[in-house]
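**Student:** Shown below is the structure under consideration.
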Amino acid sequence: MNPENFIADHIKSLPRSGIRDFFAIVSEMPQAISLGIGEPDFVTPWKIREASIFALEQGKTSYTDNRGLLSLRKEISKYCASFFGPEYDPVSEILVTVGVSEAIDIALRSILNPGDKVLYHEPCYVSYAPSVTLAFGEAIPVATTPGQEFSLDPEAFEKAWQPGCKILMLNFPTNPTGGTADREKLERLAKFAKDKDLIVISDEIYAELTYEGEHVSIASLPGMKERTLLLHGFSKGFAMTGFRVGFGCGPDWLIDAMMKIHQYCMMCAPILSQEAAIEALVNGSEDVMRMRDQYHKRRDFVIRRFNEIGLSCHLPRGSFYAFPDISITGLNETEFCHRLLREQEVAVVPGTAFGDHGVNHVRASFSTSYEKLVEATNRMESFVDCLDSENAHSAAI
Amino acid sequence: MSDLLSVLQETADPRPERLAKILGCTAEDVESELEELRKNKTLLGWMPLLNPTHHDLEQVRAVIEVKISPEREGGFDRMAMRISKFEEVESCYLMSGGYDLLVFVTGKNLRSVASFISERLATIDGVLSTATHFLLRPYKDHGHIFEEESENQEKPSVSP
């Protein structure tokens, strides 16, 4: 039996996530300080966990409506109206999914015919391009740049457009850069989406973790609700990664199409997670603000330290990631990460794990305690100083 | 709340040099703000949070509900201050409800706490009655949970 014959061609050619390779190395060094974690270091607030435990005690162990508990969809509708702006009908315009990742997958599969094109910005979350490939679409990356602090660049999208583009995929604030999108640029992009008749998939999972200015959803702009799928979830702001619960809000025809896939492949999100999500939306806002304030302070510390060390770093306006430029060290991003791990036992992630446009950068999460951040940045300072001495020595020779 | 107070509440290491690094200022700046906080009595002092179940630190703690007679001038204050001054008294609060003062007392052993209550506290003129409850086992103190949930060993150290 030749296993090669049994793996689909488009899976064979799908590259492994660069982050997985790096994870394999770090997992063998449990003593290392990891700034490579893409999730909150906070445990889910107790009141949310307790709601899930209570639901279990009450014997809530069944499937739910494929679209999710109606009580949860009603709370999502209220939350979206107050936080993002648009009002969605809980019955027909909201689908509860197993995290935002599932929502992205089924949205792409619902919309794309083979060969349809998707514009997305890069560096970006690791799953975007592979998800497009898995839906037999063509991913067209559009660079966000350090010069613009990796924020939305509508002009770059306009230039990258080509016939066959069907979807515009956005993620602001962005993992891994912390870039955001202001209202003016979103308005220009909205006009572009309307002119070119594009559907927008807007992953706004880090929306609550915006530190500068207000978060603006493209779905809230005039004429955009009917062509935007707003994706959000509980993993980041509410520190509920393991609950695996997210949602999509959009026009009923798109939610219906996504439902067709969701009902066959997933059935529904776990009921205990949905019960926890209700508690999060009803009573969790103070916890979100508490965690957000902590990230905000840690961000200010980490960015200042990186710039002191000589690793030029823009101020991430959202998310919990710093994305410093490491080119001054003379190493490429992969060498930098491997040597930093080996020599100082600090783990950061190569920027190219998030697409080719992450070259010369590394992602460092500040979702960890002050103690670890202080120690990790001290070790990075020693590392960079050693590299400086090495480079000076080489130059002298 | 100032940034310094906020960081102080989060960090286990209050050295000014370390705080200065976190806050992006000089150690002198931190010292001067600490001095100001002490002066205006926002910051009253430092106290390590010890694990009372640790073998070397084992003490007997009791919480005592005390009924007292209020005085014509000063109400409960003079009595509360008098009780607070005993070194065995860890904390003392004026309460609403069925009794007047809630007094936390510590001692080396059961006998020392019992004798303090019966010989010193209950005998004060104006103390009408006491009801003593010995603390058996701590679960949470000053926001610290003594038996933390075990850290998730399988949580990945790098994730997307």
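Order-wise, the sequence lines are chains A and B. For what it's worth, my numbering labels the leading residue of the first sequence as 7, then goes sequentially. For what it's worth, my numbering labels the leading residue of the second sequence as 4, then goes sequentially. The beta carbon of each residue, even a glycine, is placed where N, CA and C say it ideally should be. Nothing here was measured: the structure is a model prediction, and the numbers come from that model.
List the residues of chain B that A:E45 touches, going by C-beta distances under 7 Å, in chain order.
**Tutor:** Simply S162.
**Student:** Run through chain A and tell me which residues come within less than 7 Å of B:A2, C-beta to C-beta.
**Tutor:** Shown here, chain B extends from 4 to 163; a query on residue 2 of chain B therefore has no answer.
**Student:** For B:T14, which residues in chain A fall below 8 Å Cβ to Cβ?
**Tutor:** Within 8 Å Cβ-Cβ: Y376 and E377.
**Student:** In the structure shown, what three-state DSSP assignment does B:F79 receive?
**Tutor:** B:F79: coil per DSSP, three-state reduction.
**Student:** Apart from the five residues just before and just after A:G256, which ones in its own chain have a Cβ nearer than 6 Å to its Cβ?
**Tutor:** L235.
**Student:** Looking at C-beta atoms only, is the number of pairs between the region 118-127 of chain A and the region 164-181 of chain A that lie closer than 8 Å three or more?
**Tutor:** Yes, the region 118-127 of chain A is in contact with the region 164-181 of chain A.
**Student:** Does the beta carbon of A:Y270 sit closer than 8 Å to a beta carbon anywhere in chain B?
**Tutor:** Chain B, which has no Cβ nearer than 8 Å to the Cβ of A:Y270, makes this no.
**Student:** Quick one: residues in its chain with C-beta nearer than 6 Å to the C-beta of A:H221, no 5 flanking neighbours on either side, listed in chain order?
**Tutor:** A213, listed in sequence order.
**Student:** Tell me the DSSP secondary structure of A:E314 in three-state form.
**Tutor:** Helix.
**Student:** Any C-beta of chain B within less than 9 Å: which residues of the region 123-134 of chain A qualify?
**Tutor:** Within the region 123-134 of chain A, the residues whose Cβ lies closer than 9 Å to some Cβ of chain B are Y131, V132 and S133, listed in chain order.
**Student:** Determine the chain A residues that contact B:I25 at a beta-carbon separation under 7 Å, and present them in chain order.
**Tutor:** What B:I25 touches in chain A: F307, Y376 and V380.
**Student:** Give me the chain B residues within the contact set of A:G121, using Cβ-Cβ distance strictly less than 9 Å, ordered along the chain.
**Tutor:** Within 9 Å Cβ-Cβ: nothing; A:G121 doesn't reach chain B, min ~27 Å.
**Student:** Just the C-alpha distance for A:S68 and A:F360, rounded to the nearest angstrom, thanks.
**Tutor:** So the alpha carbons of these two residues sit roughly 38 Å apart.
**Student:** I'd like to check one pair, A:I82 with A:L287: are the Cβ atoms closer than 8 Å?
**Tutor:** The answer is yes: Cβ separation under 8 Å.
**Student:** Just to confirm my understanding: we take B:R140, look at its own chain, exclude 5 residues before and 5 after, and list those with CB closer than 8 Å. What are they?
**Tutor:** Answer for B:R140: T56, listed in chain order.
**Student:** Any beta carbon of chain A sitting closer than 8 Å to that of B:R18?
**Tutor:** Chain A, which has no Cβ nearer than 8 Å to the Cβ of B:R18, makes this no.
**Student:** Name, please, each residue of chain B whose Cβ falls closer than 9 Å to the Cβ of A:S23.
**Tutor:** Within chain B, the residues near A:S23 are P163.
**Student:** Please list, in chain order, the residues of the region 49-72 of chain B that have any C-beta partner in chain A closer than 9 Å.
**Tutor:** Listed by position along the chain: nothing, the set is empty.
**Student:** Please name the residue in A:D47, A:I39 and A:I54 whose C-alpha comes closest to that of A:S291.
**Tutor:** The residue with the shortest Cα to Cα distance from A:S291 is A:I54.
**Student:** Once DSSP output is grouped into helix, strand and coil, what is the label at B:L104?
**Tutor:** It is a strand residue.
**Student:** So is A:S395 buried or exposed if we call it buried at 16+ other beta carbons inside 10 Å?
**Tutor:** A:S395 should be labelled exposed.
**Student:** Check A:K172 in the structure and name its three-state DSSP category.
**Tutor:** The answer is strand: DSSP assigns A:K172 an E or B state.
**Student:** Inspect the CB distances between the region 72-86 of chain A and the region 306-317 of chain A and report whether three or more fall short of 8 Å.
**Tutor:** Because the criterion of three Cβ pairs below 8 Å is not met, the region 72-86 of chain A and the region 306-317 of chain A do not touch.
**Student:** What is the DSSP secondary structure of A:I211, counted as helix, strand or coil?
**Tutor:** In this structure, A:I211 counts as coil in the three-state DSSP scheme.
**Student:** Cα-Cα, which of B:I127, B:S118 and B:V66 is closest to B:R81?
**Tutor:** The shortest Cα separation from B:R81 among B:I127, B:S118 and B:V66 belongs to B:I127.
**Student:** Just confirm the distance between the C-beta atoms of B:V130 and B:V108, as a whole number of angstroms; I'd bet it's less than 8 Å.
**Tutor:** Not quite, the Cβ-Cβ distance comes to about 14 Å (not below 8 Å), so this is no contact.
**Student:** Just to confirm before moving on: does the CB-CB distance between A:F326 and A:L176 stay below 8 Å?
**Tutor:** It is not a contact, given that the beta carbons lie outside the stated cut-off.
**Student:** Of all the CB atoms in chain A, is at least one closer than 8 Å to the CB of B:P141?
**Tutor:** B:P141 does not count as touching chain A.
**Student:** Got a sec: which bits of the region 177-209 of chain A sit with their beta carbon under 8 Å from any beta carbon on chain B, in order along the chain?
**Tutor:** From the region 177-209 of chain A, only N181 have a Cβ closer than 8 Å to chain B.
**Student:** In its own chain, which residues sit with a C-beta less than 6 Å from the C-beta of A:I112, not counting the 5 before and 5 after it?
**Tutor:** Once the five neighbours on either side are set aside, the close Cβ partners of A:I112 are M264, I267 and H268.
**Student:** Near A:S137, which residues of its chain fall below 7 Å by C-beta distance, leaving aside the five closest residues on each side in sequence?
**Tutor:** These residues qualify, in order along the chain: I110, D111 and L114.
**Student:** Which residues of the region 310-321 of chain A have a Cβ closer than 7 Å to any Cβ of chain B? Give them in chain order.
**Tutor:** For the region 310-321 of chain A, which is checked against every Cβ of chain B, the residues closer than 7 Å are R310.
**Student:** Suppose contacts are defined by Cβ-Cβ distances below 8 Å. Is A:V132 in contact with A:L347 by that definition?
**Tutor:** No, the Cβ-Cβ distance between A:V132 and A:L347 is not below 8 Å.
**Student:** Quick one: give me the first and last residue of the alpha helix (DSSP H) that A:A87 is part of.
**Tutor:** Where A:A87 is concerned, the enclosing alpha helix (DSSP H) stretches over L76 to F89.
**Student:** Compute the beta-carbon to beta-carbon distance between A:A353 and A:P46, rounded to the nearest angstrom, for a pair I have assumed lies under 8 Å.
**Tutor:** Their Cβ separation, rounded to whole angstroms, is 17 Å, which puts A:A353 and A:P46 out of contact at 8 Å.
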